[in-house]
Amino acid sequence: MAKLKTHSGAKKRLKRTGSGKLAYRRNGRQHLLLQKSKRQKRIPRKQLLDPTNARALELLVPYM
């Protein structure tokens, strides 16, 4: 069987956790933080993928 190519965009955005799940980084924490509320800035930095999307995204990063 041929090797599968890893999706380069998904490779940059997803990380594998210690338990084997995929996690991604939440948006909105890079710049313009003065005008954002404390609640907006307190959102968790890492988020686990929803199980409904996890299977499709695992196919994009087969060797991660």
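Each residue of the sequence shown is one higher than the last, beginning at 18 in our numbering. In this text, a Cβ means the ideal position worked out from N, Cα and C, and glycines have one as well. Everything numeric in this text was worked out from a predicted model, so none of it was measured.
Under 8 Å between C-beta atoms of residue i and residue j
i: residue 42; j: residue 63; result: yes
i: residue 66; j: residue 27; result: no
i: residue 79; j: residue 23; result: yes
i: residue 31; j: residue 81; result: yes
Extent of the continuous beta strand (DSSP E) run through residue i
i: residue 64; result: 63-65
Distance between residue j and residue i (C-alpha atoms, nearest Å)
i: residue 48; j: residue 20; result: 39 Å
i: residue 52; j: residue 29; result: 28 Å
i: residue 44; j: residue 60; result: 9 Å
i: residue 77; j: residue 25; result: 9 Å
For residue i: DSSP bridge partner residues
i: residue 31; result: 41
Residue span of the alpha helix (DSSP H) that contains residue i, given as start and end
i: residue 56; result: 55-58
Of the residues the options, the one placed nearest residue i, counting alpha carbons only
i: residue 71; options: 54, 46 and 39; result: 39
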